[in-house]
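As they're listed, the protein sequences go chains A and B. Just so we're aligned: 712 in the UniProt record's numbering is position 712 of the first sequence, and the numbers increase by one with no gaps anywhere. Just so we're aligned: 85 in the UniProt record's numbering is position 85 of the second sequence, and the numbers increase by one with no gaps anywhere. Inspection log for the structure reproduced underneath, given as structure tokens.
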Amino acid sequence: MAAVQDGQMELDAEKETKPEVLSDGTSNLSGSTASGTPLTAGGAPTQEDQQTLIAVLQFLKRNKLSDSVEILRREAGLGDQEDSQTLEGSGGGKGDGGGGDANSLLSRVSIPSAAAPQNTPTPATVKRADEQLDVSVVLSAYSQQGDPSLYQVYYSGLKNFIESVLDCHRAELSQLFYPLFVHMYLELVYNNHESKAKAFFEKFGGDQECYYQDDLRILCGLTKKEHLKGNEALLDFRTSRFVLRISRDSYQLLKRHLQERHNNQIWNIIQEHLYIDIFDGMPRSKSQIDSLSGSFAGEARREVNKVKVFHGLLKEPEIEVPLDDEDDEAENEEGKPKKKKTKKDSVGSKSKKQDPNAPQQNRIPLPELKDSDKLDKVMYMKECTKRIRLNPENLPSICFYSFLNAYQGLTAVDFTDDSSLLAGGFADSTVRVWSVTPKKLRKVKSATELNLIDKESDDVLERIMDEKTASELKILYGHGGPVYGLSFSPDRNYLLSSSEDGTVRLWSLQTFTCLVGYKGHNYPVWDTHFSPFGYYFVSGGHDRVARLWATDHYQPLRIFAGHLADVTCTRFHPNSNYVATGSTDRTIRLWDVLNGNCVRIFTGHKGPIHSLAFSPNGKFLASGSTDGRVLLWDIGHGLMIGELKGHTDTIYALKFSRDGEILASGSMDNTVRLWDSIKAFDDVETDDFTAATGHVPLPDNSQELLLGTYHSKSTPVTHLHFTRRNLLLAAGAYTSQ
Amino acid sequence: MASPKTVPKDAQVMMQILKDMGITEYEPRVINQMLEFTYRYVTTIIEDAKIYSTHAKKSNVDADDIKLAIQCRVDQSFISPPPRDFLLDIARQKNQTPLPLIKPYTGPRLPPDRYCLTAPNYRLKSLQKKVSSSAGRITVPRLSVGAVSSRPSTPTLGTPSVQTVGTKVGTPVSLTGQRFTVQIPSSQAASVKSATPTTPTVQNVLINPSLIGSKNILITTNMVSQNSSGDSTSLKRKHEDEDDYDAL
Chain A
1 MAAVQDGQME
11 LDAEKETKPE
21 VLSDGTSNLS
31 GSTASGTPLT
41 AGGAPTQEDQ
51 QTLIAVLQFL
61 KRNKLSDSVE
71 ILRREAGLGD
81 QEDSQTLEGS
91 GGGKGDGGGG
101 DANSLLSRVS
111 IPSAAAPQNT
121 PTPATVKRAD
131 EQLDVSVVLS
141 AYSQQGDPSL
151 YQVYYSGLKN
161 FIESVLDCHR
171 AELSQLFYPL
181 FVHMYLELVY
191 NNHESKAKAF
201 FEKFGGDQEC
211 YYQDDLRILC
221 GLTKKEHLKG
231 NEALLDFRTS
241 RFVLRISRDS
251 YQLLKRHLQE
261 RHNNQIWNII
271 QEHLYIDIFD
281 GMPRSKSQID
291 SLSGSFAGEA
301 RREVNKVKVF
311 HGLLKEPEIE
321 VPLDDEDDEA
331 ENEEGKPKKK
341 KTKKDSVGSK
351 SKKQDPNAPQ
361 QNRIPLPELK
371 DSDKLDKVMY
381 MKECTKRIRL
391 NPENLPSICF
401 YSFLNAYQGL
411 TAVDFTDDSS
421 LLAGGFADST
431 VRVWSVTPKK
441 LRKVKSATEL
451 NLIDKESDDV
461 LERIMDEKTA
471 SELKILYGHG
481 GPVYGLSFSP
491 DRNYLLSSSE
501 DGTVRLWSLQ
511 TFTCLVGYKG
521 HNYPVWDTHF
531 SPFGYYFVSG
541 GHDRVARLWA
551 TDHYQPLRIF
561 AGHLADVTCT
571 RFHPNSNYVA
581 TGSTDRTIRL
591 WDVLNGNCVR
601 IFTGHKGPIH
611 SLAFSPNGKF
621 LASGSTDGRV
631 LLWDIGHGLM
641 IGELKGHTDT
651 IYALKFSRDG
661 EILASGSMDN
671 TVRLWDSIKA
681 FDDVETDDFT
691 AATGHVPLPD
701 NSQELLLGTY
711 HSKSTPVTHL
721 HFTRRNLLLA
731 AGAYTSQ
Chain B
1 MASPKTVPKD
11 AQVMMQILKD
21 MGITEYEPRV
31 INQMLEFTYR
41 YVTTIIEDAK
51 IYSTHAKKSN
61 VDADDIKLAI
71 QCRVDQSFIS
81 PPPRDFLLDI
91 ARQKNQTPLP
101 LIKPYTGPRL
111 PPDRYCLTAP
121 NYRLKSLQKK
131 VSSSAGRITV
141 PRLSVGAVSS
151 RPSTPTLGTP
161 SVQTVGTKVG
171 TPVSLTGQRF
181 TVQIPSSQAA
191 SVKSATPTTP
201 TVQNVLINPS
211 LIGSKNILIT
221 TNMVSQNSSG
231 DSTSLKRKHE
241 DEDDYDAL
């Protein structure tokens, strides 16, 4: 359970046992499942047992169970002398109460270590005092690691030190303030020092970074131990390690300073609650640190982002595309005989070699293409040829679909890939499906009528539709709460909706009835998304996990657990092998579908993340959150490569154009903004060196990348969609304020 | 928003709480909803505490009773999501199994029917009263000679009737081996075997066995069913797929 990567060996053996037994004790008594066997550096396991026995002995003595003391002493074989000495130490120590004495004992310990040459009995007593200290600390368990009134002193001491340090180190060491502050505050609250906790908060709360202020506001409402119990996020914060990245030089400075001091409370807290990821290199500047910080658990460790991710696209299957007569009508008006030529689909088969970054075709099982899928693909290819090429001079037109009379009840929107259907999820638990094209929505005929139709006719797919049910709008009832997520299947047969009632429902778009209700989350499900190949879908909710389902399994296939707060946004990668989840803990995680592992953690947002978009080539990820910034991430290297500032409110919609040239973002500030994504990705060079240090110098070029801002009257933008020909569709509910 | 002077004290307190928690924009009804919630919660707790204190034969409600009341209610009404280590544990378990292979060409890929919402959620009542009234009208029943097995009591025949209601047209034909199909003269049916889809009128009726000796006559009907064609296959699948649900 070593908190610090380097430097273990430099500590004295005694010092080392102390913090480790400390952490051992606390971890044992807190009941956490973390491994409770500490590695005592120099000592054999018997020393640990000895200490435990002595601890038990002290406990019995304290409670005046003298007979048990005698029996234990006899059986454990502890000598009388040893005990009497420790008894005296303990008698003096215990009288004043645990906290202050731990402090004084600590000081006693550190002094002898500083004054190295001693006679032989003194090291022995020192060792016993050391053990005594360990024992008292073990016994005092969860209680504060120092006198509560001294916490303010420790903190201000550290603050003064950091302010006196060289500029280049100051930024890095200032990262310590926030986690230390929160942990010390929680310690005080947990041990029922309410007034001291409040005073501590008032004195140092305002110093923290502005992007932590929201968390601090919640924190200041917590003043009693009972408040902590129900709060999962805080419990996770307390048990998980806050990760800090500090360069080696700054770290040496800090360590030297803290070890000179006699009161090592801060050092204890650092070792127990913080994980310091040390890297060799230049200390980072304030802006670099600010760009990556903001999440609940600090930044991501560099090892986490080193796993190889197959971000390439899967090969498209070869399909023969017949050149359609209708397209050539204009040319052949004179009625010349039209020759039908077949053209092979050359998009996917240009390179026969396997893209090294692409996953194997059969890495995860994918459904095979049916005939109807092949027809869809042919349509897709035809539309691709008519696609408008977008660039900074040729911006897309935007068509805005406003939902009127929604009374702020519109909670989710989705378009089909071919932009023929539009679905809206509402707070009154209905899902409404509209046809965007003039073609109306029809239900399939009933069973009796289906028997009557001629099954061999060419237009059988038209005949199975019941004309009497044709309408522009279909309302789907079934959910028991507001519908927060919608997703059409790629083959336009199904619609998924996720709701606050904890279920994800699969609706058929042929009968417009509900087919399945997937129950797994017992808490609101905030988002759901179909895989680009159909069959799989992912959902994320309030229970902090995302689940991967297949339409024909009533239980999830994979559970992606790791976020510290709700999962608000879930998206599939274009090759369907990875899932990205954005969460309220301000991180984005990329999960591997094959084995459920988290392969990337991206930190940097300062607010909950509400939108994610993969670039069509699969290499990049864009994310938008409540802080109004769009961040761009390189998936392969695991780095942040761009920051787009401009929006002033939460960004709920992000979409790349069909070839990835333009990124469109829509937000609650009633605007749609277009960004030049080619330029954003070109400017940045990522290579192994930058990957090693974990950060890339970000150019501040948001203004150059912004290609256009388009305001709607008073309609926040909920969803964006590029048609196959690169027309941008936007959707939102008109709010009359 | 109502001016602070005319707003009652409780509402002022609530506004202050919202301000302290950093919520600056909210609809005016939020205050009312929050006050309602507070009132309901506090009265529930205090009532529970009163019950506990009378149970402990105390004359007054004291802090311990309130604490106990809060503890009990927290587990009931305010459940929080499972803790992180538990989630990591079950995730590890679940993620170990490899992804199942996809069977080709299976039509709509849906879970076994018991987990779907595609089954009919209604069942037609059998009309006993009409039996006696219409029995008198059957003067010349045209019996189709099929194997007549003496069916036991009425209720078991009720189940086949349910099936016929929900199924496609063709199924009643297969069940005629077990019963008679009789055409009530008042119907419009042309054939004895009411298999054609255009006969909507014959009713599903049980005739009193005493009328015709030991043989039971069942008049089958075709109610025009609105269910999708997937249902007949779905009913058949129900039996096959009974044990087919996926194990963990």
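For glycine and all other residues, C-beta sits at the position ideal for the given N, C-alpha and C. Being a predicted model, the structure only gives us computed values, none of them experimental.
Per DSSP, which residues does residue i bridge with? Please list them.
i      : result
A:W675 : A:L663 and A:L706
A:C399 : A:L729
A:E643 : A:L631
A:Y494 : A:S508
A:C384 : In the DSSP output, where bridge partners are listed per residue, A:C384 has none listed.
A:R432 : A:G424 and A:I475
A:S247 : A:F279
A:W591 : A:V579 and A:C598
A:R558 : A:L548
A:D414 : A:A423
Is the beta carbon of residue i sitting closer than 8 Å to the one on residue j?
i      : j      : result
A:E643 : A:L631 : yes
A:L410 : A:G618 : no
A:V567 : A:R544 : yes
A:L482 : A:P532 : It is worth fixing the name first, because residue 482 of chain A is Pro in this sequence and not Leu. No, these two residues do not count as a Cβ contact at 8 Å.
A:A550 : A:L495 : no
A:S489 : A:G517 : no
A:A680 : A:L720 : no
A:R301 : A:V378 : no
A:K315 : A:Q360 : no
A:P365 : B:L110 : no
A:H521 : A:S499 : no
A:L222 : A:V189 : yes
A:W591 : A:F572 : no
A:V309 : A:R600 : yes
A:S247 : A:E303 : no
A:G582 : A:S623 : yes
A:Y734 : A:S714 : yes
B:L35  : B:M14  : yes
A:K519 : A:E472 : no
A:V672 : A:I398 : yes
A:R589 : A:P608 : no
A:A730 : A:F403 : no
A:T52  : A:E299 : no
Round the Cβ separation of residue i and residue j to the nearest angstrom and send it over; I've been treating them as touching at under 8 Å.
i      : j      : result
B:K94  : A:P556 : 7 Å
B:D48  : B:R73  : 7 Å
A:V436 : A:I464 : With a Cβ gap of about 22 Å, A:V436 and A:I464 do not count as contacting.
A:L476 : A:V433 : 7 Å
A:V431 : A:G485 : A:V431 to A:G485, Cβ: 11 Å. No contact.
A:S487 : A:F530 : 5 Å
B:V42  : B:K50  : Not quite, the Cβ-Cβ distance comes to about 12 Å (not below 8 Å), so this is no contact.
A:I635 : A:L621 : 6 Å
Check your understanding: Taking the runs of the beta strand (DSSP E) that are 3 residues or longer, which of them lie wholly in the UniProt repeat "WD" (518 to 549) of chain A?
Key -> With a minimum length of 3 residues, the continuous beta strand (DSSP E) runs that stay inside the UniProt repeat "WD" (518 to 549) of chain A are 525 to 530 and 536 to 541.
Point to revise | 4-residue-minimum alpha helix (DSSP H) runs that sit fully inside the segment 284 to 309 of chain A, ordered along the chain | key: If we require 4 residues or more, the alpha helix (DSSP H) runs fully inside the segment 284 to 309 of chain A come out as 286 to 292.
Practice item. Taking only beta carbons into account, state which residues of the segment 202 to 219 of chain A come closer than 9 Å to chain B, listed in chain order. Key: When C-beta distances to chain B are compared with 9 Å, the residues of the segment 202 to 219 of chain A below that value are Q213, D214, R217 and I218, in chain order.
Review point. What are the residues of the UniProt repeat "WD" (518 to 549) of chain A that lie near chain B, defined by any Cβ-Cβ distance shorter than 7 Å?
Key: For the UniProt repeat "WD" (518 to 549) of chain A, the residues whose beta carbon sits under 7 Å from a beta carbon of chain B are, in order, Y523, Y535, H542, D543, R544 and V545.
Practice item. Return the residues of the segment 549 to 571 of chain A that lie within a Cβ-Cβ distance of less than 8 Å from chain B, sorted by chain order. Key: Against chain B - using a Cβ distance shorter than 8 Å - the residues of the segment 549 to 571 of chain A are A550, T551, D552, H553, Y554, Q555, P556, L557, R558, I559, F560, A561, G562 and L564.
Exercise for review: Would you mind listing the beta strand (DSSP E) stretches within the segment 199 to 262 of chain A that are 3+ residues and don't spill past its ends, in chain order?
Suggested key: The DSSP assignment places 242 to 247 as complete runs of the beta strand (DSSP E) inside the segment 199 to 262 of chain A, in order along the chain (cut-off: 3 residues).
Check your understanding: In the segment 103 to 125 of chain B, which residues sit with their C-beta less than 7 Å from some C-beta in chain A, listed in chain order?
Key -> Per Cβ criterion, the list reads P104, R109, L110, P111, Y115, C116, L117 and T118.
Exercise for review: Report the residues of the segment 586 to 601 of chain A with a CB closer than 9 Å to any CB of chain B, ordered along the chain.
Suggested key: For the segment 586 to 601 of chain A, which is checked against every Cβ of chain B, the residues closer than 9 Å are V593, L594, N595, G596 and N597.
Exercise for review: Below 9 Å between beta carbons is the criterion; list the residues of the UniProt domain "TFIID subunit TAF5 NTD2" (146 to 274) of chain A that meet it against any residue of chain B, in chain order.
Suggested key: The residues in question are Q213, D214, R217, I218, C220, G221, E226, K229, G230, N231, E232, L235, D236, T239 and S240.
**Study point:** Selection of the segment 295 to 323 of chain A by Cβ proximity to chain B, strictly under 7 Å
**Key:** From the segment 295 to 323 of chain A, no residue has a Cβ closer than 7 Å to chain B.
Check your understanding: If you measure beta-carbon to beta-carbon, which residues of the segment 392 to 420 of chain A are closer than 7 Å to chain B?
Key -> Cβ contacts with chain B come from no residue of the segment 392 to 420 of chain A.
Point to revise | Residues in the segment 47 to 71 of chain B having any Cβ partner in chain A nearer than 7 Å | key: So nothing in the stretch comes that close.
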